[in-house]
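Trainee: Protein chains in written order, with the numbering used here: chain V, -3 to 226; chain P, -3 to 226. We put the CB at the ideal spot given by N, CA and C, even for glycine. Note that the coordinates shown come from a computational prediction; the quantities given were computed from them, not determined experimentally.
Number of protein chains: 2
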Amino acid sequence: MSPRKLDPETRAALVDIAARRLAEHGVEALSTRKITAEAGTSTMAVYTHFGSMSGLVREMVHEGFARLERQFAKVRRTDDPVADMAVLGYAYRRNAKANSHLYAVMFGGQSLAGFSLTDEDRQYGRYTLLTVVDCATRCIEAGRFRRDDPILIAHEMWIATHGLVNLELGGYLIDPVNADRCYDTILESLLVGVGDEPRSVSASMATSKKRRRREVEADPEQAEAVASRR
Amino acid sequence: MSPRKLDPETRAALVDIAARRLAEHGVEALSTRKITAEAGTSTMAVYTHFGSMSGLVREMVHEGFARLERQFAKVRRTDDPVADMAVLGYAYRRNAKANSHLYAVMFGGQSLAGFSLTDEDRQYGRYTLLTVVDCATRCIEAGRFRRDDPILIAHEMWIATHGLVNLELGGYLIDPVNADRCYDTILESLLVGVGDEPRSVSASMATSKKRRRREVEADPEQAEAVASRR
DNA sequence: ATTGTTTCTGTGACATTGTTATGCCATGGG
DNA sequence: CCCATGGCATAACAATGTCACAGAAACAAT
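This is how it looks when you write it as structure tokens:
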């Protein structure tokens, strides 16, 4: 009748510390002892709050999905939906690079500390991409894309962007065929392939590049991702 | 002046056992003790033959590259180079799914047992894709693709196929937007995007589907990948 | 055939990992 | 004020990669 409540502060601190360690020093910096030592608690804190190391990783993954969604929310919906799509892709790519290790777990199929995604987690991840589906719908209604299932078109964009990001993080896209060039090229090809005019594509791509700085690069979350909470 | 030679048989046995364990039971089945116990030696065998666990993984990765290259070599070079390209993509995808854990290390940026690719390893991986570059060149010379850098076009194909495979292995491509549908869709979009006529694309895709069975699915290597060596 | 040198290989140990059984004690309702 | 509930620290367990240390086996020279 009189339990001792879990301290939400230490819970948040553990997630923050783990995320920062993962981002800064990679997977080998993730161990119960290292994390809890930095938090000033014992290893048991991980188990009372998350059940296991996997539970902590799951928490970070959900945080990662939420962050991606907030990134997407900052991209405006203009009367040039194709440019919107390009900006969304850039936001996706930038977010992935800012949290590369977490991204590998979220979308790259990488298991971390024995954790791998459940169907529920993947549902969460797919939900994030509804923004892209919506954007594809607007592209179709604007007459830029051929009339087709917007979900399918959104998947095309997702697959291409994910493939690029993943190979980029793997160190496979190097000069002179670097990631930036590949990204522009495949995006243009794909946009033409789904029905847009080559000339319109070029114009929208140019517009998107101007919008990047304001809508995704000037992002306080990038700092938050690295900095400690307090 | 009288050293004792390394036994190449145990070396090969270790690689085979490790590859089979990885394919059948995943990453947690890879430990020096488990592998060497199955090989009937002590854990030291790993260190004398490969220096460390990472060395053994590197060996498996190189074996994986070689296998992919042999897969590619079985795809014919016909007078419909676009169909050739589609068959190559299918071979790539099939190989990745038959050795999913190894593929994740080869191209997915996944580190395994502390191993991660060196620049030299990646060079090896990129070399494998020269087959795709050659095919892109033939597509251009046949007037099917616009005149552009064939290396860049090959990268577009690679990125799309890799993105699809990686999301598929991650369990993200589910009905009704499943991997097969996504693969056909993005490949068609991309082929149109790099300059081919939509009608020609459809024809070549149909041709490639007929060729799949003979040129990539009837492959004794798929069995070899799982079965033990003897 | 014997010897000697070289190097593989088995044994055992060390540090580190995730996880948990076992208590202590802080907390908050009665 | 009391006391039970459950978070937390301590310490242990099994399993991991790795290596120091012999011992033995293999090869070259005599």
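Beta carbon of residue 80 of chain V, beta carbon of residue 7 of chain V: below 9 angstroms?
Mentor: Cβ atoms of residue 80 of chain V and residue 7 of chain V: not closer than 9 angstroms.
Trainee: Anyone know if the C-beta pair for residue 107 of chain P and residue 23 of chain V falls short of 9 angstroms?
Mentor: yes
Trainee: Hey, out of V:51, V:9, V:122, whose CA is closest to residue 34 of chain V's CA?
Mentor: V:9
Trainee: Please name the residue or residues paired with residue 103 of chain V in a DSSP beta bridge.
Mentor: Paired residue(s): none; residue 103 of chain V is not in a bridge.
Trainee: Can residue 168 of chain V be considered in contact with the ligand MG, in the sense that its beta carbon sits closer than 8 angstroms to one or more heavy atoms?
Mentor: The ligand MG is not among the ligands present in this structure, which contains no ligands whatsoever.
Trainee: For chain V, check one thing: does any of its Cβ atoms lie closer than 9 angstroms to the Cβ of residue 168 of chain P?
Mentor: yes
Trainee: List the residues of chain P that residue 113 of chain V touches, going by C-beta distances under 8 angstroms, in chain order.
Mentor: By Cβ distance, chain P contributes 166, 167.
Trainee: Residue 113 of chain V and residue 167 of chain P look like a contact to me (Cβ under 8 angstroms); what is the Cβ gap, rounded to whole Å?
Mentor: Right, their Cβ atoms sit about 7 angstroms apart.
Trainee: Would you decide whether residue 38 of chain V is buried or exposed? Buried here means 16 or more other CB atoms lie within 10 Å of its CB.
Mentor: Exposed, since its Cβ has fewer than 16 Cβ neighbours within 10 Å.
Trainee: Counting beta carbon pairs with one atom in the stretch 53 to 62 of chain V and one in the stretch 57 to 77 of chain P, are three or more of them shorter than 8 angstroms?
Mentor: no
Trainee: Please confirm if the stretch 78 to 94 of chain V is in contact with the stretch 194 to 210 of chain V, defined as three or more CB-CB distances below 8 angstroms between the two stretches.
Mentor: yes
Trainee: Counting only the same chain and skipping the five closest in sequence on each side, list residues whose C-beta sits under 7 angstroms from that of residue 51 of chain V.
Mentor: Excluding residues within five positions, none has a Cβ falling inside 7 angstroms.
Trainee: Since I believe residue 194 of chain P is in contact with residue 131 of chain P (beta carbons under 8 angstroms), could you give me their beta-carbon distance rounded to a whole number of angstroms?
Mentor: Not quite, the Cβ-Cβ distance comes to about 20 angstroms (not below 8 angstroms), so this is no contact.
Trainee: What number of angstroms, rounded off, separates the C-alpha of residue 95 of chain V from the C-alpha of residue 117 of chain P?
Mentor: 24 angstroms
Trainee: Cβ closer than 7 angstroms: which chain P residues qualify as neighbours of residue 13 of chain V?
Mentor: In chain order: nothing, as chain P lies at least about 22 angstroms away.
Trainee: Quick one: what does DSSP say residue 108 of chain P is sitting in, helix, strand or coil?
Mentor: Judged by DSSP in its simplified three-state form, residue 108 of chain P adopts strand.
Trainee: Mind reading off the beta-carbon distance from residue 239 of chain P to residue 156 of chain V? Whole number of angstroms is fine, and I expect it under 8 angstroms.
Mentor: Because chain P is modelled from -3 through 226, residue 239 of chain P falls outside the range shown and cannot be assessed.
Trainee: Cβ of residue 55 of chain P within 9 angstroms of Cβ of residue 182 of chain V?
Mentor: no
Trainee: At 8 angstroms on the CB atoms, spell out the chain V contacts of residue 178 of chain P, in chain order.
Mentor: 148, 151, 152, 155
Trainee: Mind listing, in chain order, the continuous beta strand (DSSP E) runs of no fewer than 3 residues lying wholly within the stretch 120 to 168 of chain V?
Mentor: none
Trainee: Which whole-angstrom value describes the C-beta separation of residue 173 of chain P and residue 148 of chain V, a residue pair presumed to lie in contact below a C-beta threshold of 8 angstroms?
Mentor: 6 angstroms
Trainee: Closest to residue 170 of chain V by C-alpha separation, out of P:31, P:122, P:75, would be which residue?
Mentor: Proximity to residue 170 of chain V across P:31, P:122, P:75 peaks at P:122, based on C-alpha coordinates.
Trainee: Taking its Cβ as the centre, do 16 or more other Cβ atoms sit within 10 Å of residue 40 of chain P, making it buried, or is it exposed?
Mentor: exposed
Trainee: Is it right to say residue 209 of chain V is buried, meaning 16 or more other beta carbons lie within 10 angstroms of its own, or is it exposed?
Mentor: exposed
Trainee: Anyone know if the C-beta pair for residue 141 of chain P and residue 192 of chain P falls short of 9 angstroms?
Mentor: yes
Trainee: Since residue 159 of chain V meets chain P, which of its residues come closer than 9 angstroms, beta carbon to beta carbon?
Mentor: 154, 155, 156, 157, 158, 159, 160, 161, 162, 163
Trainee: Quick one: which chain P residues come within Cβ less than 7 angstroms of residue 190 of chain V?
Mentor: 185
Trainee: Report the residue from V:109, V:102, V:111 whose alpha carbon sits nearest the alpha carbon of residue 119 of chain V.
Mentor: V:102
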